[in-house]
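As structure tokens, the structure follows; a few thoughts come after it.
Number of protein chains: 2
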Amino acid sequence: MKDKISKREAIFYSHKMAQLSKALWKAIEKDWQEWIKPFKLNINEHHILWISYHLKGASISEISKYGVMHVSTAFNFSKKLEERGLLQFSKRENDKRNTYVELTEEGVELLEATLSEYNPDDNSVLRGVLPMTEMYGKLPEFLDLSALIKEIYGDEYMEILERSLESIETDSVINQPTDLETYKKQKPKSS
Amino acid sequence: MKDKISKREAIFYSHKMAQLSKALWKAIEKDWQEWIKPFKLNINEHHILWISYHLKGASISEISKYGVMHVSTAFNFSKKLEERGLLQFSKRENDKRNTYVELTEEGVELLEATLSEYNPDDNSVLRGVLPMTEMYGKLPEFLDLSALIKEIYGDEYMEILERSLESIETDSVINQPTDLETYKKQKPKSS
Chain A
4 MKDKISKREA IFYSHKMAQL SKALWKAIEK DWQEWIKPFK LNINEHHILW
54 ISYHLKGASI SEISKYGVMH VSTAFNFSKK LEERGLLQFS KRENDKRNTY
104 VELTEEGVEL LEATLSEYNP DDNSVLRGVL PMTEMYGKLP EFLDLSALIK
154 EIYGDEYMEI LERSLESIET DSVINQPTDL ETYKKQKPKS S
Chain F
4 MKDKISKREA IFYSHKMAQL SKALWKAIEK DWQEWIKPFK LNINEHHILW
54 ISYHLKGASI SEISKYGVMH VSTAFNFSKK LEERGLLQFS KRENDKRNTY
104 VELTEEGVEL LEATLSEYNP DDNSVLRGVL PMTEMYGKLP EFLDLSALIK
154 EIYGDEYMEI LERSLESIET DSVINQPTDL ETYKKQKPKS S
């Protein structure tokens, strides 16, 4: 099939995808920075805490893959978080080769505090999908985007994403009712 | 509608979008870096050349908006490109307030050389959409993604994207036949 795409089409298509993708990520990055600014964390640090929290501990290699950051970035920011007492390094009995990190009690508290402070109204993506959500009657699923990421990054990436999302489904901290929660009373989430 | 989304759903959704979006952009960024490395350009510099080329000159403000980079980033890298003799600054008669840049002959040559060197086979996105392209019989359009970016960035962003894409449609440099071009003989592009 690719052989049937002209070079012009290929440049056209990849330029369009580059523009859309850069624009989306920059909007998400900006919101993310604003969200965690009060906690004196940068995005990499918050991402590491988040991944370790949701995966109940993670190897540096998992953080690197799933966080889409270099291994050295994952390691160096994990070190900084360790210095702040937010996570600790360990080896696992059945896997001596990899370095694992897990959150300390302070790390869990800080990560949960960021989740409590999360305000959906400040989120460009959630605001941006509103018209589609009204049109479809549900949040748009971006299935093509998921399929593309699965092709590029492989099944493992999608599996970690699923595990991480399942964990959000059952987090007790997010269960705490908010002013928005009342609207969902009729359809309670299992936990 | 947003009022009917629980905080859990909002976190779930925005986390998923953040992961997909970061993964997509990082893959595109990596391919882009590899593509232009032989030309001693970074992505910001190439993006500025590309925008100025396709818009037949652009203001720093247009480059900043469309390139999704800070005005200072757009200005500083434009300065570097000027020092290399690849673009020049100017004011326009009907708009004295904004600084415009346009490519020099050397800038045009360099940008066109990068386009000539572009190899669709090295592109993760093009490889990644192959299964969908075979399934749909055409390249997936990511309409939800376009709709979302239009909501977040507004009509102006999409208009510049369209202008830039139209320019790719008519670039004579990309018209040069490649080994892939033969497959498209039956459906020639107007130019």
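For the record, the sequence lines run as chains A and F.
So for the first sequence, our numbering puts the first residue at 4; every next one is plus one.
So for the second sequence, our numbering puts the first residue at 4; every next one is plus one.
Each residue gets a CB set at the ideal place from its N, CA and C atoms; glycine is no exception.
Against chain F, does residue i count as a neighbour if the rule is that its beta carbon must be under 7 angstroms from one of theirs?
i, result
"residue 16(A)", "yes"
"residue 138(A)", "no"
"residue 116(A)", "no"
"residue 185(A)", "Unreliable placement is indicated for residue 185(A), whose pLDDT of 35 sits below 50; no coordinate value is reported for it."
"residue 120(A)", "no"
"residue 154(A)", "yes"
"residue 71(A)", "yes"
"residue 161(A)", "no"
"residue 5(A)", "Low per-residue confidence applies at residue 5(A): pLDDT is 48, beneath 50, and the placement is therefore not dependable, though the value from the model is reported in the following sentence. So yes, residue 5(A) belongs to the interface."
"residue 128(A)", "yes"
For residue i, would you say it is in contact with chain A, using Cβ-to-Cβ distances shorter than 7 angstroms as the test?
i, result
"residue 193(F)", "Confidence in residue 193(F) is poor, its pLDDT being 42 and thus under 50, which makes the residue's placement too unreliable to answer from."
"residue 78(F)", "no"
"residue 188(F)", "No answer about residue 188(F) holds up, because its pLDDT of 40 lies below 50 and its placement is not dependable."
"residue 147(F)", "yes"
"residue 64(F)", "no"
"residue 131(F)", "yes"
"residue 150(F)", "yes"
"residue 164(F)", "yes"
"residue 181(F)", "Any reading at residue 181(F) must be qualified, since the residue scores a pLDDT of 41, below 50, and its modelled position is unreliable; the value itself is stated next. Chain A, which has a Cβ nearer than 7 angstroms to the Cβ of residue 181(F), makes this yes."
What does residue i pair with, by DSSP beta-bridge criteria?
i, result
"residue 105(A)", "91(A)"
"residue 61(F)", "104(F)"
"residue 98(A)", "95(A)"
Would you give the residue range spanned by the alpha helix (DSSP H) that residue i belongs to?
i, result
"residue 9(A)", "No alpha helix (DSSP H) holds residue 9(A); DSSP gives it neither H nor E."
"residue 79(A)", "74–86"
"residue 43(F)", "Neither: residue 43(F) is in no alpha helix (DSSP H) and is coded neither H nor E."
"residue 162(F)", "158–173"
"residue 128(F)", "127–131"
In chain F, which residues lie less than 8 angstroms from residue i when you measure between Cβ atoms?
i, result
"residue 142(A)", "8, 12, 16"
"residue 168(A)", "15, 18, 19"
I want to verify the contact list: residues of chain F whose CB lies under 7 angstroms from the CB of residue i, in sequence order.
i, result
"residue 112(A)", "Within chain F, no residue comes near residue 112(A); the closest Cβ sits about 17 angstroms away, beyond 7 angstroms."
Chain A partners of residue i, CB-CB under 7 angstroms?
i, result
"residue 109(F)", "None at all; the shortest Cβ gap to chain A is about 21 angstroms."
Is there a Cβ from chain D that is less than 7 angstroms from the Cβ of residue i?
i, result
"residue 149(F)", "Of the chains in the structure shown, none is chain D; the protein chains are A and F."
Exercise for the section: Give the residues from the stretch 33–56 of chain A that approach chain F closer than 7 angstroms (Cβ to any Cβ), ordered along the chain. Expected result: 35: these are the residues of the stretch 33–56 of chain A whose beta carbon lies less than 7 angstroms from some beta carbon of chain F, given in chain order.
Exercise for the section: Give the residues from the stretch 80–104 of chain A that approach chain F closer than 7 angstroms (Cβ to any Cβ), ordered along the chain. Expected result: None of the residues of the stretch 80–104 of chain A has a beta carbon lying less than 7 angstroms from any beta carbon of chain F.
Practice task
Identify each residue in the stretch 20–31 of chain A for which the Cβ-Cβ distance to at least one residue of chain F is less than 7 angstroms, and report them in chain order.
Solution key: 20, 21, 22, 23, 24, 25, 26, 27, 28, 29, 30, 31
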